[in-house]
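Numbering (the numbering used here), first residue to last: 8 to 425.
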């Protein structure tokens, strides 16, 4: 079955033209993609104004318009998510991001390098995000805005999964996270009324984020881990993929009228967002699951659970996030479980950030160390030019040294002959 290919009437395919438009973006002429008015406006503002022109600061004159447009964008994203499958499918090549936790600098650093000409239409790769976009970091609102704009501008290229922080009881926990709470940041940036409206609109949208996805039908992706199993027919993936899988704003608030099906789905959602690989497998049950030190109702999963799930669903690997790792990546369970963490200097630590690339039948890791500065495109280009000049000078010096050694050998050889 061959897929038809047509010319995009809005496409600009000249390399020179793309370079020109990218420069215009930086100079203030806007972003290319015209697909969504709210998405386009937010993407334009976040990339050009907030990140590049203002150095990750807001002008007071922009704040209210940004907040109201972002509220409207939440509605657009929700509508897109409601039309999509509950279990997403992505084809490679694909970049996979773990926890972001409000770290806009790292997100912009990666996407500035990975999105061709800052326009998703010219980027052949897909982008899969594993959740935990908000809380703990300084820029939860801006991270959300960037990702939501990407989602509506290129819904087929961007897949956003739900993490345990995309939950009203977690992202709204001001007493626990203080000013690093997503809810507090909404209020501090936009004022109480508009901030509360945005937090509620975002929370409604979070409820429709899918919990799981796959890459090429070979890699199972989720935020935390695989849901528990108690024997019998293994229909966990089927249930997670059902179109009537409920949309929960919180996994913790259980209404009295919940049906048995709702309670089962709530527990499966909780497991996918909160589970961890077991460090010690000695206390696990025969299916490979056990209690998690994180708290009541949270599980860990071991090698037996991984073997069973992968075999029954024809997967080879599990990609998950949910835990800080020193270089942004850790392999466990005989290198079948990949933990990806995409925010460096997490809560003051010295960890690096990692992004995984799945392409050409291979899995590769991109690492940003904690002391790498997230640069805007203009600064990055200047530094690249400087690096090229230094490399040319070093090459000239090396060539001169080689020539001098060659001449010295010839002189010695000449003396021996004489």
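All C-beta atoms in this analysis are idealised placements derived from N, C-alpha and C, irrespective of residue type, glycine included. Just so it is clear, the structure is predicted and the values come from calculations on it, not from any experiment.
| Item | Value |
| --- | --- |
| Identify every run of the alpha helix (DSSP H) within the segment 125 to 188, keeping only runs that are complete inside it and at least 4 residues long; order them along the chain. | 147 to 160, 175 to 178, 181 to 184 |
| Within the same chain, show all residues whose beta-carbon is closer than 8 Å to that of residue 309, passing over the 5 residues directly before and after it, in chain order. | 284, 285, 288, 291, 295, 296, 297, 340 |
| Going straight from the alpha carbon of residue 180 to that of residue 126, what length do you get? | 35 Å |
| In chain order, which continuous runs of the beta strand (DSSP E) of length 3 or greater are located wholly inside the segment 67 to 106? | 94 to 97, 101 to 104 |
| Are there 16 or more other CB atoms within 10 angstroms of the CB of residue 354, so buried, or fewer, so exposed? | exposed |
| Taking the C-alpha atoms as reference points, what is the distance between residue 95 and residue 173? | 18 Å |
| Going by DSSP, what residue range makes up the beta strand (DSSP E) through residue 228? | 226 to 229 |
| Do residue 189 and residue 149 come within 7 Å of each other at the CB atom, strictly closer than that value? | no |
| Identify, in the order they occur along the chain, each residue of the same chain with its Cβ nearer than 8 Å to the Cβ of residue 185, setting aside the five sequence neighbours on each side. | 191 |
| If we ignore side chains and look at the alpha-carbon of each, how far apart do residue 123 and residue 101 end up? | 14 Å |
| Does the distance from the C-beta atom of residue 342 to that of residue 359 stay below 7 Å? | no |
| Should residue 273 and residue 258 be called a contact, given that it needs their Cβ atoms to be closer than 7 Å? | yes |
| Determine, using beta-carbon pairs with one atom in the segment 243 to 254 and one in the segment 193 to 205, whether at least three such pairs fall under 8 Å. | no |
| Expressed to the nearest angstrom, what Euclidean distance is found between the alpha-carbon atoms of residue 301 and residue 217? | 23 Å |
| At the level of alpha carbons, what is the spacing between residue 52 and residue 175? | 27 Å |
| Below 7 Å between beta carbons: does that hold for residue 159 and residue 83? | yes |
| Between the C-alpha atoms of residue 80 and residue 365, what's the straight-line distance to the nearest angstrom? | 30 Å |
| So, at 7 Å on beta carbons, what are the nonlocal neighbours of residue 145 in its own chain, with the 5 sequence-adjacent residues on each side left out? | 109 |
| Within 10 angstroms of the Cβ of residue 346, are there 16 or more other Cβ atoms? Answer buried if so, exposed if not. | buried |
| Helix, strand or coil for residue 248 per DSSP? | helix |
| For residue 283, name the three-state secondary structure that DSSP assigns. | strand |
| May I ask you to list the residues that DSSP assigns as paired with residue 298? | 306 |
| For residue 240, count neighbouring Cβ atoms within 10 angstroms of its own Cβ and tell me buried if that reaches 16, exposed if not. | exposed |
| Can you check whether the CB of residue 282 is closer than 7 Å to the CB of residue 238? | no |
| I need the DSSP call for residue 375, collapsed to helix, strand or coil. | strand |
| Shortest alpha-carbon distance to residue 356 belongs to which of 373, 211, 371, 334? | 334 |
| Roughly how many angstroms separate the alpha carbons of residue 46 and residue 54, rounded to a whole number? | 12 Å |
| Which one of 165, 76, 323 has the shortest CA to CA distance from residue 224? | 323 |
| Could you check what DSSP says for residue 328 in three-state terms: helix, strand or coil? | coil |
| Are there 16 or more other CB atoms within 10 angstroms of the CB of residue 368, so buried, or fewer, so exposed? | exposed |
| Along the chain, where does the alpha helix (DSSP H) that runs through residue 49 open and close? | 44 to 51 |
| Assuming residue 141 and residue 154 form a contact by the criterion Cβ under 8 Å, report the distance between their Cβ atoms to the nearest whole angstrom. | At roughly 10 Å, the Cβ-Cβ gap does not stay under 8 Å, so residue 141 and residue 154 are not in contact. |
| Is residue 221 helix, strand or coil when you go by DSSP? | strand |
| Is it the case that the Cβ atoms of residue 183 and residue 230 are separated by a distance below 7 Å? | no |
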